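Asks:
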Amino acid sequence: MAAAKPSDFTSPGSNAESPGPMEQLQSSPPLSRIGLNTNKAGMEGLDKTKIDQIIIQASKGSKYYENELQKERKVKEKIDTMLKELKQLSPSAIETSVAASDNDIEAIELRRDLNHIIVHVDMDAFYAAVEMRDDPSLLNVPMAVGGQSMLSTSNYLARRYGVRAAMPGFIAKKLCPQLVIVKSHFSKYQEVSQTVREILSNYDPLFSSVGLDEAYLDITEYVTELMRGKEEQVPVEGEDRVTQSFGDSSVENTESLKHSLVHQTDTKLIQIDPESSQETDTKLLQIDDPESYSTDMKSQHGITGNVPRR
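Counted the way full-length UniProt numbering counts, the sequence shown spans residues 1 to 310.
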């Protein structure tokens, strides 16, 4: 089999509008949950339709396929129940609920404290970055960490073929036959993570960690003016040669920061303005960006995506 090229999976682009959440839910093919989720840095512009066809063809008949099929059935049952409940709601009941939600939002706004600077740190392709650090031969080839049953992460070269975390290795190999899959070495990842945490503690001793590769910091006391990106970026990459992305804001909802970093690659820093972030923080992220949600969340939010907001 000839080696695939990244350009084989790049979409030529289109000016057509993407279908809304309701249309996606109603027209989605069976087992749509196994389709490619491009909500990952380095996967912009891929031909999702072509990649999905390869994924479905490679999956059929496997235990993975049957397991995902069972999950899809359970989600559909839940959706059916939610649809029945939605149909029973009168317009006045919906308006009452919307008004109550708006009142709650206004109350939250009154309690909002915009005097803190919160930073979300996300290590880029963390497991893959550690493996490439220790084996330079992996630097210029598409590679992933994990096994035939499931991948933990992939480097940016592999992502151009549609290979990403939470994808079985045998499917990834269909997308990219030349993919190098490396076994996980958790002790190494824990060691690097500890080094990173020691660095982060210099900026916020009470920072909150999320797994080995993410953290939230309150650097209010450390920063007297706007955070200086270069000073934040150099220590981590200089010590362990792994890169990271930063998002900073005074927002209370740390999920807003996480979503703002979804498509950022390499050593990036983005800032969310306190004033412009208020609408984002107190209301759900727009459902018209379905890749912001997990497969199950997209399906379940999709059925209520047309409930009007005032």
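Here a beta-carbon is modelled for each residue, glycine too, at the ideal position from N, C-alpha and C. All of these numbers come straight from a predicted model, not from anything done at the bench.
Which two residues bound the contiguous beta strand (DSSP E) that contains S209?
Replies: Locating residue 209 in the sequence shown gives position 209, where the first residue counts as 1. That run of the beta strand (DSSP E) goes S208 to V210.
Asks: Please report how far the alpha carbon of P91 lies from the alpha carbon of I105, in whole angstroms.
Replies: Numbered from 1 along the sequence shown, position 91 holds the residue referred to as residue 91. Numbered from 1 along the sequence shown, position 105 holds the residue referred to as residue 105. Those two C-alpha atoms are separated by around 21 Å.
Asks: With a threshold of 7 Å on Cβ separation, who are the neighbours of D52 within its own chain once the five nearest residues in sequence on each side are excluded?
Replies: Counted from its first residue, the sequence shown places residue 52 at position 52. Counting only Cβ-Cβ distances below 7 Å, and skipping sequence neighbours, we find G35 and L36.
Asks: Indicate the three-state DSSP secondary structure (helix, strand or coil) for Y64 in the structure shown.
Replies: Locating residue 64 in the sequence shown gives position 64, counting from the first residue. Of the three classes helix, strand and coil, the one that applies to Y64 here is helix, per DSSP.
Asks: Find the nearest neighbour of A41 within the set G162, S201 and Q178, judged by alpha-carbon distance.
Replies: Position 41 of the sequence shown, counted from the first residue, corresponds to residue 41. Cα-wise, what sits closest to A41 is G162.
Asks: Beta carbon of K50, beta carbon of F9: below 8 Å?
Replies: Mapped onto the sequence shown, residue 50 falls at position 50. Mapped onto the sequence shown, residue 9 falls at position 9. It is a contact, given that the beta carbons lie within the stated cut-off.
Asks: N103 by DSSP, collapsed to three states: which one?
Replies: Position 103 of the sequence shown, counted from the first residue, corresponds to residue 103. If DSSP states are grouped into helix, strand and coil, N103 belongs with the helices.
Asks: Quick check on T153: does DSSP put it in helix, strand or coil?
Replies: Here residue 153 corresponds to residue number 153 of the sequence shown, with the count starting at 1. Note: T153 maps to strand in three-state DSSP.
Asks: Write down the C-beta distance between E214 and D122 rounded to the nearest angstrom, noting that I regard them as a contact closer than 8 Å.
Replies: Within the sequence shown, the letter at position 214 stands for residue 214. Within the sequence shown, the letter at position 122 stands for residue 122. Confirmed, about 5 Å.
Asks: Opposite G146 in the DSSP bridges: which residues?
Replies: By 1-based counting over the sequence shown, the position of residue 146 is 146. DSSP, once it has assigned bridges, lists L151 as partnering G146.
Asks: Using the three-state DSSP reduction, which class does L175 fall into: helix, strand or coil?
Replies: Against the sequence shown, residue 175 aligns to sequence position 175. In this structure, L175 counts as helix in the three-state DSSP scheme.
Asks: Quick one, which of V196, D47, R33 and E66 has its alpha-carbon nearest residue 321's?
Replies: The question about residue 321 has no answer, for the chain in this structure spans 1 to 310.
Asks: Please report how far the alpha carbon of N67 lies from the alpha carbon of E131, in whole angstroms.
Replies: Here residue 67 refers to the residue found at position 67 when the sequence shown is read from its first residue. Here residue 131 refers to the residue found at position 131 when the sequence shown is read from its first residue. Using only the alpha carbons, I get a separation of about 30 Å.
Asks: So which of L179, S32, D204 and D218 has the shortest CA-CA distance to L114?
Replies: What you label residue 114 is simply residue 114 of the sequence shown in a count that begins at 1. Checking every option, the nearest Cα to that of L114 belongs to D218.
Asks: Helix, strand or coil: which one does DSSP assign to T38?
Replies: The residue you call residue 38 lines up with position 38 of the sequence shown. Here T38 sits in coil by DSSP.
Asks: Is the CB-CB distance between M143 and A129 below 8 Å?
Replies: Stepping through the sequence shown from its first residue, residue 143 is reached at position 143. Stepping through the sequence shown from its first residue, residue 129 is reached at position 129. No.
Asks: For residue 313, which beta-bridge partners are listed by DSSP?
Replies: Residue numbering for the chain in the displayed model covers 1 to 310; residue 313 lies beyond these limits and cannot be assessed.
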